[in-house]
Structure formats: C-alpha cells, structure tokens
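**Student:** Take this structure, written in structure tokens, and hold onto it; I'll ask about it next.
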Amino acid sequence: MAETTRAVFSVHIRGTIDAVWREITKTDEPQGAMFNMCLDTKGLAPGEKIFMRTPNGKFTGVVGEVLEFDPPHKYSHTFKFTNYDDPPCKVTYELTEKDGGVEFKLIVDDMPVGTKTAKDMTGGGKMIVNTLKAIVETGRPPMFTRGLYRMFALLGPLMTPKRCRSENWR
Numbered sequence: 006m007a008e009t010t011r012a013v014f015s016v017h018i019r020g021t022i023d024a025v026w027r028e029i030t031k032t033d034e035p036q037g038a039m040f041n042m043c044l045d046t047k048g049l050a051p052g053e054k055i056f057m058r059t060p061n062g063k064f065t066g067v068v069g070e071v072l073e074f075d076p077p078h079k080y081s082h083t084f085k086f087t088n089y090d091d092p093p094c095k096v097t098y099e100l101t102e103k104d105g106g107v108e109f110k111l112i113v114d115d116m117p118v119g120t121k122t123a124k125d126m127t128g129g130g131k132m133i134v135n136t137l138k139a140i141v142e143t144g145r146p147p148m149f150t151r152g153l154y155r156m157f158a159l160l161g162p163l164m165t166p167k168r169c170r171s172e173n174w175r
C-alpha cells in the first residue's frame with residue numbers, strides 16, 4: 006500500500022456559517038472557491054457521486070462520492086483528479102462558528118505521498134481557503150484568482166486531456 010499523508014488548511018471567515026456552507030455545496034452556479042468548477046450531483050447524501058465540471062459541462066476535473074453530509078458543519082467525500090492515475094484521497098470540510106465568524110477547515114486525508122495529486126492538493130488547498138474567505142467577505146474572488154479563472158476558460162479547452170471529457174465521467 007502506498008504511503009499517504011494528511012494536509013489541513015484553515016481560515017477564519019467573517020461571515021455566517023450558512024454563507025460559507027452555501028459556497029461549498031451550491032450546485033446552481035460555479036463554485037468560485039473551487040477553481041470556478043460546478044458541482045454536479047444527484048444529491049448531497051452519503052453514497053451519491055459528485056463531479057466537479059467546467060461551467061460549460063464539457064470537462065470533469067474531479068470525481069468522488071459523498072461520505073458524510075451534516076449541514077452546515079461537515080461535508081466529506083472521496084476525491085480523484087480525472088487527469089491523473091493516482092488513487093483517490095478523502096476531502097473533509099469542517100465549519101465551526103467562532104469569534105463572530107466561521108472557522109473553516111479543509112482536511113485532505115489519505116493523500117498519496119509523492120504524487121501529482123499530493124502536489125496539486127497541497128498548492129490548491131491554500132488557494133481554496135483564501136478564495137472562499139474572499140468570496141464570503143467581499144462577494145468575489147481576489148483579482149489574481151479572477152484572472153486565473155479567465156485564463157482557464159480560454160486555455161482549458163486546448164490544454165485539458167481528452168480523458169477529462171465529461172462523457173468519460175458519468
């Protein structure tokens with residue numbers, strides 16, 4: 006069995022627990038904190054599949070299965086990047102009301118050491134929590150992140166591997 010590790014990313018958000026919860030569970034528009042991907046699922050309940058898709062639905066970046074769903078405090082799912090052959094890991098979001106806001110934790114368990122998944126999750130985790138904070142507190146992602154998302158929209162169709170096409174991930 007491959008060696009795995011854990012990563013924890015946390016941030017204090019000046020906002021309501023309901024606002025933070027909505028941002029990480031909404032299915033009716035792109036999730037600005039999650040690289041502007043759209044959460045596609047038949048339902049957020051244990052055992053249900055989840056897909057993180059591009060706003061146009063053509064590509065799927067992440068697949069998983071809901072493990073735990075306890076609104077508005079905890080949401081956990083398996084997580085696998087569609088462009089890598091790495092084994093899945095487990096992602097948990099924990100929300101706690103604290104000091105007039107929300108303590109938000111993004112916890113990644115069973116992350117395979119030395120893999121592309123580990124590299125991307127380690128770099129992406131910090132960006133996710135900081136972008137989530139900005140969205141809840143100001144209503145939009147930071148300027149750099151908005152620019153990055155524009156670049157993704159322009160270059161994504163040219164650079165995304167064919168294996169990530171949504172017809173391959175149903």
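All residue numbers for the sequence shown refer to the working numbering, where the first residue is 6 and numbers rise by one. Where is the CB? At the ideal position from N, CA and C, for every residue including glycine. Here the structure is a predicted model, which is why all the values come from computation and not from measurement.
Name the two residues that bound the continuous alpha helix (DSSP H) containing glycine 52.
**Tutor:** Unbroken run through glycine 52: none, as it is neither H nor E.
**Student:** Taking its Cβ as the centre, do 16 or more other Cβ atoms sit within 10 Å of threonine 32, making it buried, or is it exposed?
**Tutor:** Exposed, because fewer than 16 other Cβ atoms sit within 10 Å of the Cβ of threonine 32.
**Student:** In whole angstroms, what is the alpha-carbon distance linking lysine 121 and serine 15?
**Tutor:** 22 angstroms
**Student:** Going by DSSP, what residue range makes up the alpha helix (DSSP H) through tyrosine 89?
**Tutor:** Premise fails: tyrosine 89 is in no alpha helix (DSSP H) and is neither H nor E.
**Student:** DSSP three-state label for alanine 7, please.
**Tutor:** It is coil, neither helix nor strand.
**Student:** Which complete alpha helix (DSSP H) runs does the segment 18-57 hold, if anything under 4 residues is left out?
**Tutor:** For the segment 18-57, whole alpha helix (DSSP H) runs of length 4 or above, ordered along the chain, are 22-30.
**Student:** Under a Cβ-count criterion, where at least 16 other Cβ atoms within 10 Å of its own Cβ denotes burial, should methionine 1 be classed as buried or exposed?
**Tutor:** Residue 1 is absent from the model: the chain starts at 6 and stops at 175.
**Student:** Are the segment 15-30 and the segment 129-137 touching, with three or more C-beta to C-beta distances below 8 angstroms?
**Tutor:** yes
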